[in-house]
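Each remark here refers to the structure printed beneath this line.
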Amino acid sequence: MKYLFQKGNKINQGRKQTLKERKKRSIVAKEKGFGKWMNGRKLSEKHRKNISIGNMGRIFTEETKNKIRKSNTGKKHTEESKNKNREAHIGKKHSIKTKQLLRKISLKNARRGENHPDWKGGISKIRYPREFNNELKLKIRTRDNFTCCLCGQTEREELEELNRVLCINHIDFDKNNCKENNLNTLCLRCNVKINREREYWSDYFINK
Numbered sequence: 004m005k006y007l008f009q010k011g012n013k014i015n016q017g018r019k020q021t022l023k024e025r026k027k028r029s030i031v032a033k034e035k036g037f038g039k040w041m042n043g044r045k046l047s048e049k050h051r052k053n054i055s056i057g058n059m060g061r062i063f064t065e066e067t068k069n070k071i072r073k074s075n076t077g078k079k080h081t082e083e084s085k086n087k088n089r090e091a092h093i094g095k096k097h098s099i100k101t102k103q104l105l106r107k108i109s110l111k112n113a114r115r116g117e118n119h120p121d122w123k124g125g126i127s128k129i130r131y132p133r134e135f136n137n138e139l140k141l142k143i144r145t146r147d148n149f150t151c152c153l154c155g156q157t158e159r160e161e162l163e164e165l166n167r168v169l170c171i172n173h174i175d176f177d178k179n180n181c182k183e184n185n186l187n188t189l190c191l192r193c194n195v196k197i198n199r200e201r202e203y204w205s206d207y208f209i210n211k
C-alpha cells in the first residue's frame, strides 16, 4: 500500500538520521545523479542576495562551527578567489569595532618575537633545571619570610589577591644558576617589572 505524503508533513521533523542512513542516502543520490543539474550553473545576483538575506542573523551551534572549521582546514584560496574577495571589499568601510580588532591584531603581530621590546634572544624557551623544584622554592620563600624582596607584599596578600604563592627569581637571570644566594622572593607584579630592565635589577639585588 502506498502512502500519500502531503506538503508540510511532520512525521520526520526533529528526527536525526543515523550515520548509516546518511551514508545510504548519499550513495543513492550519487547513483541517481541527484544534484548534478546544478553542475556548472551560476547563481544570479538576485538569487545570491536572497540566500544572503535568508542567512542573516543565523546563529550556528558549536557543533556546526567545528564542522565548518574542520572542512576548511588546510584549504587555500586561489589567486582568482583572493582577487574577487579584494574587489568585493573595495570601498567598504570597517565599523569602529572591526577597526579596533584589526588594530589590536596588527599591534600583536608587530610586537611578536624579536620585535617585542622585552625580547631576550629566546631564552624563555630554556627549561629550568631539576634542582629548581618546589622544595627549593619553599626554602627560599621561608628564608625571605614569605615576603616580596622588592615591594614587601606578603604571600598571604598574594594568595588573597591572585590565588597564588610568591615567585622565586634568579637574580642574575640565569635559569641554571640555582645557588641560594642567587635566588630571591618576589610577588608576580614585581617579577614582571624586573624583566624589563634585567641588568639594572640584577645589579640592584646583588648590591642590596
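Residue numbering for the sequence shown follows this note's numbering, starting at 4 and increasing by one per position.
Note that the Cβ used here is the ideal one computed from N, Cα and C, for glycine as well.
Quiz item: DSSP on histidine 212, reduced to helix/strand/coil?
Solution: Because residue 212 is not part of the residues shown, which for the chain are 4 to 211, the question remains open.
Exercise. State buried or exposed for isoleucine 174, treating a residue as buried only when at least 16 other CB atoms are found within 10 Å of its CB.
Key: Within 10 angstroms of the beta-carbon of isoleucine 174 lie 16 or more other beta-carbons, which makes it buried.
Exercise. Measure the alpha-carbon distance for cysteine 151 versus arginine 130 and round it to whole angstroms.
Key: 24 Å
Practice problem: Answer with buried or exposed for leucine 186, where buried requires no fewer than 16 other C-beta atoms within 10 angstroms of its C-beta. | Solution: Classification for leucine 186: buried.
Quiz item: What is the C-beta distance between proline 132 and asparagine 184, in whole angstroms, given that I count them as a contact (C-beta under 8 Å)?
Solution: Not a contact, Cβ separation roughly 17 Å.
Practice problem: Can you have a look at asparagine 53 and say buried or exposed, based on whether 16 or more other CB atoms are within 10 angstroms of its CB? | Solution: When all chains shown are included, asparagine 53 counts as exposed.
Self-check item: leucine 22, buried or exposed, once every other Cβ within 10 Å from all chains shown has been counted against 16
Solution: The residue is exposed, with fewer than 16 neighbouring Cβ atoms inside 10 Å.
Quiz prompt | Distance, lysine 102 Cα to leucine 191 Cα | solution = 33 Å
Quiz item: In three-state terms, what does DSSP make of asparagine 179?
Solution: coil
Quiz item: Where does cysteine 193 sit, in a helix, a strand or coil, going by DSSP?
Solution: helix
Quiz item: Going by the CB atoms, is the gap between isoleucine 171 and threonine 188 shorter than 8 Å?
Solution: yes
Exercise. In angstroms with no decimal places, state the Cα-to-Cα distance between lysine 79 and arginine 18.
Key: 36 Å
Practice problem: Could you spell out where the beta strand (DSSP E) holding isoleucine 56 opens and where it closes? | Solution: Not the beta strand (DSSP E): isoleucine 56 falls in the alpha helix (DSSP H), residues 48 to 58.
Quiz item: Identify the residues that DSSP records as bridge partners of leucine 22: which are they?
Solution: Answer by DSSP bridge pairing: none, since leucine 22 is not bridged.
Practice problem: Go ahead and pull the three-state DSSP assignment for isoleucine 213. | Solution: Because the chain spans 4 through 211 in this model, residue 213 falls outside it and cannot be assessed.
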